[in-house]
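Visitor: Protein chains in written order, with numbering that gives the first Met the number 0: chain B, 0 to 347; chain D, 0 to 347.
There are 2 protein chains.
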Amino acid sequence: MAEEQVIRDEIESQPGVWVATWRELLQSRERLSALLFSQCWDGVLFVGCGSTYYLSLAAASLHQQLTGQKTQASPSSEVALFPAGVYPDVRQMVLMVAVSRSGETTETLQAAEEHHRRGMPVLAITCDGDSRLAGLAEASFACEEAREESVPQTRSFTSMYLAAHYLSGVVADDDTYLEALEALPEHGRDVLRRSADLALNLAGQNWQRAIFLGSGPYYGLACEAMLKLKEMALAWSEAYHFPEFRHGPISLVDEQTLVVGMLSDTAAEAEQAVLEEVTRLGGQTLAIGERVAPDTAGQALSLESGLPELARGPLLLLPLQLLAYHRALEQGLDPQRPRHLRQVVVAV
Amino acid sequence: MAEEQVIRDEIESQPGVWVATWRELLQSRERLSALLFSQCWDGVLFVGCGSTYYLSLAAASLHQQLTGQKTQASPSSEVALFPAGVYPDVRQMVLMVAVSRSGETTETLQAAEEHHRRGMPVLAITCDGDSRLAGLAEASFACEEAREESVPQTRSFTSMYLAAHYLSGVVADDDTYLEALEALPEHGRDVLRRSADLALNLAGQNWQRAIFLGSGPYYGLACEAMLKLKEMALAWSEAYHFPEFRHGPISLVDEQTLVVGMLSDTAAEAEQAVLEEVTRLGGQTLAIGERVAPDTAGQALSLESGLPELARGPLLLLPLQLLAYHRALEQGLDPQRPRHLRQVVVAV
C-alpha cells in the first residue's frame, strides 16, 4: 500500500502545488510578458505529446476564447514529421508554447527546433527548469513543485495547465479571470473531499468501458481523463466531443458502458441531451459540472465553485484522476507504473 | 446473407463509383472553381460529424500540404456550439467546406448557418444534391452514385473524400496530381482483390482490441478505420497518430492487441519503429503502405500503386472496411445496421 500511496498523495497534493505554482507565476509575469508581448502574433501553437498534447488541446481552446488570438494545438510529432501540415505557405509569426513535463521528450524538442528553423520563438512550460526544452526556449516556466514520482501525470498536468491559464489571462489582460484562478486551490480541496466516495464507489461498479465527453475547452480534458483510466487501469476508455459521440460510437452503449460528461455552461442543453440519450439506451452516466440537476444523469457531481466556465477546467479532472486510481486498485494493477511505460518517452 | 451483401456490394462497388464521381467532378470544375477562386482566402475550414469529421481531418491535411493554404478541420458541433473556439477575433475570410452524406445533419447545417452569419461562404460536399445543405451552400458537389443503403459510410466516404482531393488538386493547379487521381479506380480494384483473403483471415484471428495508426494526411483515415470497426463489429477500436501511441496507450499492448499502421513515405522510419515496438511487446501488427517490407510487421499489405503519398488515401481504407465487415459477421452482428444508429443523425 505504501507504494500506491505515492500517486494518491500526488493527486491529493494538487491544491497545495497550485498555490506554489501560482506564486511562481506571479513572480515570473514580467519575464513571460516580455515574450508574450514582444510582437503582434498571427497565431499561437500549443504542442505536446500524450497528456501534454491533451493539455495543448484544452489550452488552445481556452487561449483563443479568452484572448481572441488565433490558436491551435498539435501533437509535437506532427510538427516534427509533417511540418507542411502545420505551417501554411503564407509566412506568419506564430508563438509556439511547448509543453513537456520532463522537458526532454524527443518529439517536443524536435518540434521546438523545427519552429526555430522557421525563425519563430518558443515558450516552454515544463516541470524541470534545467531541461533541454527550457534551455532552448526563448522563455520558460517550470512547475518545479509539481514534479512526480509516478509515470501517469496528475499534478504535473493540472499545474502546467494552470500555467497556460495564467498566460492566457495575462495576454487577455483580464484581471477578473486572474483573480478567479487564485481561488482554484480552495475549490480543489473541496472537490477532492466531495468526490472521494463517488470515485471509490464508481470504480467498484460493474462497467467494462468508459467514455469521457467534453466539448469546447473541455474536450482536451475529456481526452486526459480517458488517458488516465487507460494508463492506470488498462481499461477500455475513449473520449469524444459530446455531439460527436452520437455519430457512431453511441452504438457501443449498453449496461456495461459508463459515460462521463463534463458539462459546460455554454452548451449545457445539447450536452445534457446526449447524456439523456445514453440513459435511455441503458448506459450508466456521470455528469460533472458547475451545478448539475440530479436527474441529468445516473450520478452527478456539482463543482459549485462560482468560477467562470473556462477557469473551472482543473477542477473537472480531480474526480476522474481518483476514479482511475481506484479502478486500478480494484483491478489489482499498480496505478503509478503502467505496463510498458516510463516517465520520459524518448525516440527509439 | 442477402441482407449482408448490401454493404459488401457497397464496399466492392467503390472503384466503379469513383469513376462516375470523377466524371461528374470534371464536369463541375468551372462551377466549383468560381467559388474556390472567388477571392484570396485567409484559410479553409472543413467540417463534418463522425465519419465526415474524420474525412475533414484527412482532407484538411491534404489540402494544406497540396495548396499551402492555411487549412483546419473541426467537428461541425464545435462551430455551432463553441464558435469562439473556431473563429478568432481577427477578421479573416475563410471558405467552409461542409461535408455531409445526407446533407441533412443538424450540426452541419447549424455550422454552415453560423459561417453565413459571419458573412463567409460554404461549399458543400454531399451525396444528395437536393439536400438542405446543398441548397444553402454557395456551391455544392453531390456524389449521387455513392448513396448507400447501409448506415456505416463506405463508398460515400471515399467518394466524398475523392471530391476533396479534386478540389485541392484544382486549387493547387497540379495537373500531375489530378492525373494520378484518375488511376485510383484501377488501383482500387487491385487492392480490393489482393486484400480480400487478408481481411477475412485477420477478422477470424484472436484479438480483442484494434488500434489504427496514421500520421499527417493519414490520421483522419485511421480514425475512420477505427469508426468502421466500432460501428460494424462493436469492437474496442482506437486511433492515434503513430508517435502519440507511445505516450500512454501503448500500455494496452498484449497478445490480444492488433495494431494496424497506415505507413506514409514522409515518416516511414518513425512509423515503422512504433510497429516494431508493438511487436517486441507481444502485440499483433498489420502494416499497410506503398511498399511494405515483409519484416516490418506481423502482416503486411503493399498497395504498389505508384501514386503519390497524398493520392493514395482512398486505397488505404479498402482493406480496413473489409476487415470491419468480416469481423462483424464473425461476431454474429449485422454490419449494415449498427445498434442505436440511423443513417442521418439529427438533433434530439
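Glycine included, every Cβ here is placed at the ideal spot set by N, Cα and C.
In this text the structure is predicted, and so the values were computed from the model without any measurement.
Going along chain B in order, which residues have a C-beta closer than 7 Å to the C-beta of Trp235/D?
Guide: Chain B residues near Trp235/D: Trp235.
Visitor: So with Cβ pairs under 7 Å, would you call Asp88/B a contact of chain D?
Guide: Asp88/B counts as touching chain D.
Visitor: Out of Ala72/D, Leu201/D, Tyr239/D, which has the shortest C-alpha to C-alpha gap to Ala163/D?
Guide: Minimum Cα distance to Ala163/D is reached at Ala72/D.
Visitor: Applying the 10 Å Cβ sphere with the 16-neighbour rule, what's the burial state of Thr175/D?
Guide: It is exposed - the Cβ of Thr175/D has fewer than 16 other Cβ atoms within 10 Å.
Visitor: Under 7 Å between C-beta atoms, does Gly67/D make it to chain B?
Guide: Taking Cβ atoms only, chain B reaches closer than 7 Å to Gly67/D, which makes this a yes.
Visitor: Between Ala221/D, Phe244/D, Leu302/D, Glu230/D, which has its C-alpha nearest Ala58/D's C-alpha?
Guide: That would be Ala221/D, whose Cα lies nearest to the Cα of Ala58/D.
Visitor: What does DSSP give as the partner residue(s) for Gln298/B in the beta ladder?
Guide: Answer is Leu285/B, bridged to Gln298/B.
Visitor: Please report the distance separating the alpha-carbon of His339/B from that of Ser236/B.
Guide: Roughly 18 Å between the two C-alpha positions.
Visitor: Just list the residues that DSSP pairs Trp235/D with in beta bridges.
Guide: In DSSP, Trp235/D forms a bridge with Arg208/D.
Visitor: Listed from N- to C-terminal order along the chain, which residues in the segment 320 to 342 of chain B have their beta-carbon within a distance smaller than 8 Å of any beta-carbon of chain D?
Guide: If the cut-off is 8 Å between Cβ atoms, the segment 320 to 342 of chain B has Pro337, Arg338, His339, Leu340 near chain D.
Visitor: List, in order along the chain, the chain D residues whose C-beta lies closer than 8 Å to that of Tyr52/B?
Guide: Ordered by position in chain D, the residues that pass the 8 Å Cβ test against Tyr52/B are Glu243, His246.
Visitor: Would you mind reading off the limits of the beta strand (DSSP E) that contains Pro74/B?
Guide: 70 to 74 is the span of the beta strand (DSSP E), which, as asked, contains Pro74/B.
Visitor: Could you tell me which chain B residues have their CB closer than 9 Å to the CB of Glu178/D, listed as they occur along the chain?
Guide: Residues of chain B passing the Cβ test: none, with the nearest at roughly 21 Å.
Visitor: As an exercise, report each continuous beta strand (DSSP E) stretch of at least 3 residues that is fully enclosed by the segment 67 to 153 of chain B, in chain order.
Guide: You should have 70 to 74, 93 to 99, 121 to 125, 138 to 141.
Visitor: In this structure, how does DSSP classify Val258/B when only helix, strand and coil are distinguished?
Guide: Correct three-state label for Val258/B: strand.
Visitor: When you compare each of Gly247/D, Val277/D, Glu143/D to Asp129/D by their alpha carbons, which one comes out closest?
Guide: Ranking the options by Cα distance to Asp129/D, first place goes to Glu143/D.
Visitor: Rounded to whole angstroms, what's the CA-CA distance from Gln271/D to Asp264/B? Just pull it up for me.
Guide: Spanning the two alpha carbons is a distance of roughly 44 Å.
Visitor: For Tyr160/D, which residues from the same chain have a beta carbon less than 7 Å from its beta carbon, with the 5 sequence-adjacent residues on both sides left out?
Guide: Cβ within range, chain order: Leu54, Ala57, Ala58, Gly312, Pro313.
Visitor: Give the DSSP-derived three-state secondary structure of Phe36/B in the structure shown.
Guide: In the structure shown, Phe36/B sits in coil (DSSP, three-state: anything other than H, G, I, E or B).
Visitor: Contact defined as beta carbons within less than 8 Å: I believe Met119/D pairs with Val93/D. What is the distance between those atoms, to the nearest angstrom?
Guide: So it is a contact: roughly 6 Å between Cβ atoms.
Visitor: With a threshold of 16 other CB atoms inside 10 Å of the CB of Pro248/B, please say whether the residue is buried or exposed.
Guide: Classification for Pro248/B: buried.
Visitor: When the cut-off is 7 Å and only beta carbons count, does Glu230/D lie next to chain E?
Guide: The structure shown contains no chain E; its protein chains are B and D.
Visitor: Quick one: give me the first and last residue of the alpha helix (DSSP H) that Val273/D is part of.
Guide: Start and end: 267 to 279.
Visitor: Using DSSP bridges, identify the partner residues of Phe45/D.
Guide: Per DSSP, Ala72/D, Val96/D.
Visitor: Gln63/D by DSSP, collapsed to three states: which one?
Guide: In this structure, Gln63/D counts as helix in the three-state DSSP scheme.
Visitor: In three-state DSSP terms, what is Val252/B?
Guide: Coil.
Visitor: Tell me whether the beta-carbon of Ala136/B lies closer than 7 Å to the beta-carbon of Ala123/B.
Guide: Yes, they are a contact pair.
Visitor: Excluding sequence positions up to five away, which residues of its chain have a Cβ less than 6 Å from the Cβ of Met0/D?
Guide: Residue placement at Met0/D is flagged as unreliable, the pLDDT there being 48, under the threshold of 50; the coordinate-derived value follows with that caveat. Nothing meets the Cβ criterion.
Visitor: Examine chain D for any beta-carbon lying closer than 7 Å to the beta-carbon of Ala19/B, and answer yes or no.
Guide: No - not a single Cβ of chain D is within 7 Å of the one on Ala19/B.
Visitor: Taking 7 Å as the CB-CB limit, is Pro74/B close to chain D?
Guide: Yes - at least one Cβ of chain D is within 7 Å of the one on Pro74/B.
Visitor: Over the uninterrupted alpha helix (DSSP H) stretch that includes Asp333/B, give me the two end residues.
Guide: No alpha helix (DSSP H) contains Asp333/B, which DSSP labels as neither H nor E.
Visitor: So, for Arg90/B: in the same chain, excluding its five sequence neighbours on each side, which residues have a beta-carbon less than 8 Å away from its beta-carbon?
Guide: Hits under 8 Å: none found.
Visitor: DSSP state of Asp264/B, grouped into three classes?
Guide: If DSSP states are grouped into helix, strand and coil, Asp264/B belongs with coil.
Visitor: By a C-beta neighbour count over all protein chains shown, 10 Å radius and 16 as the cutoff for buried, is Ala182/D buried or exposed?
Guide: It is exposed - the Cβ of Ala182/D has fewer than 16 other Cβ atoms within 10 Å.
Visitor: Spatial neighbours of Glu329/B within its chain, please: CB distance less than 8 Å, with the 5 preceding and 5 following residues excluded, ordered by chain position.
Guide: Excluding positions up to five away in sequence, the list reads Ala202, Gly203, Ala232.
Visitor: Starting from His325/B and walking both ways along the alpha helix (DSSP H), at which residues does that stretch end?
Guide: Where His325/B is concerned, the enclosing alpha helix (DSSP H) stretches over 312 to 329.
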